[in-house]
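Student:
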Amino acid sequence: MGIEILSDSKSGALWDKINEIYGFENYSYKNIFPNNNIAYKVYSLKNINIMDFSYNADGTASEEYKRNGDKLKNLFASYFDKGMYILDWQHDCYDVTSYDTFPILDEESHGMWKSSFLPEADTVFFLSKDLTEGWITDFNNSSIITVGKDFISHVDRLHLEFLY
Numbered sequence: 013m014g015i016e017i018l019s020d021s022k023s024g025a026l027w028d029k030i031n032e033i034y035g036f037e038n039y040s041y042k043n044i045f046p047n048n049n050i051a052y053k054v055y056s057l058k059n060i061n062i063m064d065f066s067y068n069a070d071g072t073a074s075e076e077y078k079r080n081g082d083k084l085k086n087l088f089a090s091y092f093d094k095g096m097y098i099l100d101w102q103h104d105c106y107d108v109t110s111y112d113t114f115p116i117l118d119e120e121s122h123g124m125w126k127s128s129f130l131p132e133a134d135t136v137f138f139l140s141k142d143l144t145e146g147w148i149t150d151f152n153n154s155s156i157i158t159v160g161k162d163f164i165s166h167v168d169r170l171h172l173e174f175l176y
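Here is the structure:
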């Protein structure tokens, strides 16, 4: 299918590595940042209403959300061409090997939990297979954290509306 749910044991092992690399402790409100000299950039989203940005008054996804989600999906597909992990705290975690069915909208999720690329309600790690590059939604601190020098430069070139 291109997106497979990870087993509990595989998810647990990856979360152990995430904790080691990023010092992640959910509900601690401690800033997430990588160690091991991994480059990172934090974008504060405290000045925008994420729910207003994401959804129209009728509950459908906004055009801005769709447009920015498609940009990010395309970046993931080109940059993480060998696949990536989506680690969503206290939800299913995924091994992504193809982006054909990568969901941006709820109706595209085919019954799976759809992890948001914005910190709407969860902390989610969208990371390379070695866990050192990617996109982190930090719900507790209302921020996006990009990691990996090259990945950061690719994100900056996207000019995602909600980051500036």
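Numbering (our numbering), first residue to last: 13 to 176. Note that CB positions come from ideal geometry on N, CA and C, so glycine has one too. Everything numeric in this text was worked out from a predicted model, so none of it was measured.
1) Quick one, which of 152, 161, 37 and 155 has its alpha-carbon nearest residue 144's?
2) Using 8 Å as the Cβ pair cut-off and three pairs as the minimum, do the segment 140 to 156 and the segment 57 to 66 touch?
3) Roughly how far, in whole angstroms, is the beta-carbon of residue 146 from the beta-carbon of residue 163, given that I think they are within contact range, below 8 Å?
4) Measuring only the C-alpha atoms, how far is residue 29 from residue 127?
5) Compare the C-alpha of residue 89 against each of 46, 109, 101 and 137 and name the closest.
6) DSSP on residue 27, reduced to helix/strand/coil?
7) How many whole angstroms separate the CB atoms of residue 136 and residue 100, which I take to be in contact at a CB cut-off of 8 Å?
8) Are there 16 or more other CB atoms within 10 angstroms of the CB of residue 64, so buried, or fewer, so exposed?
Tutor: Taking the geometry as given:
1) 161
2) yes
3) 6 Å
4) 20 Å
5) 109
6) helix
7) 5 Å
8) exposed
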